[in-house]
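A.B. asks:
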Amino acid sequence: MTTSSNNFLKYPSVRRDETIVENLHGTKVADPYRWLEEPDSEETKEFVEAQNALTFKYLDTYPYRENFQEALTKIYDYEKYETPFKSGNNYYYFYNTGLQAQKYLLLFNNYEEGSFKLFPQPPSKKMFINYFI
Numbered sequence: 399m400t401t402s403s404n405n406f407l408k409y410p411s412v413r414r415d416e417t418i419v420e421n422l423h424g425t426k427v428a429d430p431y432r433w434l435e436e437p438d439s440e441e442t443k444e445f446v447e448a449q450n451a452l453t454f455k456y457l458d459t460y461p462y463r464e465n466f467q468e469a470l471t472k473i474y475d476y477e478k479y480e481t482p483f484k485s486g487n488n489y490y491y492f493y494n495t496g497l498q499a500q501k502y503l504l505l506f507n508n509y510e511e512g513s514f515k516l517f518p519q520p521p522s523k524k525m526f527i528n529y530f531i
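The opening position of the sequence shown corresponds to residue 399 in my numbering, with each subsequent residue numbered one higher.
Given below as structure tokens:
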């Protein structure tokens, strides 16, 4: 895709907070965009909305977008199992049916019978487990 204007994809301005500097084992490390780690702040929400507007401005003009999306969906639509692990008398593993947004932690409460249950039972669709230690 070509455009005659360099302003077609004008990136939103982003604030740099130069005041955040950590000392990690004797090395000073600046983190000027740490404020973006606060997903519920109004400033972060505005920045994400501006980034999404830029992204979709491009994607909406991309002639192969639908074909590309279909190909990616086919590639990622398969069951995913992670390596089981034992804790106490139970076995656990993470599972995704294919196109779920998050993986689920499943519990084998009787390995010989092969019975399992979702652990824990999520109280809402927003609950997920990123890591289990």
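Ideal placement from N, C-alpha and C gives every residue a C-beta, glycine not left out.
Keep in mind it's a predicted model, so treat the numbers as computed, not measured.
Between which two residues does the alpha helix (DSSP H) containing K443 stretch?
C.D. replies: From DSSP, the alpha helix (DSSP H) with K443 extends over 440 to 457.
A.B. asks: Can you tell me where the beta strand (DSSP E) with F492 in it begins and where it stops?
C.D. replies: Counting along the chain, the beta strand (DSSP E) containing F492 begins and ends at 488 to 494.
A.B. asks: Any idea if F454 is buried or exposed, counting beta-carbon neighbours within 10 angstroms, 16 or more meaning buried?
C.D. replies: Looking at its Cβ environment, which holds fewer than 16 other Cβ atoms inside 10 Å, F454 is exposed.
A.B. asks: Give me, in chain order, the residues of the same chain whose beta-carbon lies closer than 8 angstroms to that of F530; leave out the 5 immediate sequence neighbours on both sides.
C.D. replies: Only weak support exists for where F530 lies, its pLDDT of 47 falling under 50; the value from the coordinates is given anyway. Answer for F530: Y490, F492, L503, listed in chain order.
A.B. asks: Just reading off the beta strand (DSSP E) that K484 is part of, what are its end residues?
C.D. replies: Per DSSP, K484 belongs to the beta strand (DSSP E) from 483 to 485.
A.B. asks: Could you have a look at K472 and say whether DSSP puts it in helix, strand or coil?
C.D. replies: The answer is helix: DSSP assigns K472 an H, G or I state.
A.B. asks: Please state the DSSP three-state secondary structure of L434.
C.D. replies: DSSP places L434 in helix when its eight states are reduced to three.
A.B. asks: With distances taken from CA atoms, which of Q498, F483, A499 is nearest L505?
C.D. replies: Answer by Cα proximity: F483.
A.B. asks: DSSP state of F466, grouped into three classes?
C.D. replies: Helix, per DSSP.
A.B. asks: Per DSSP, K478 forms a beta bridge with which residues?
C.D. replies: DSSP, once it has assigned bridges, lists N494 as partnering K478.
A.B. asks: In the DSSP output, what is T425 paired with across the bridge?
C.D. replies: Beta-bridge pairing links T425 to L422.
A.B. asks: Which of the three DSSP states is assigned to Y409 in this structure?
C.D. replies: Reduced to three states, the DSSP call for Y409 is coil.
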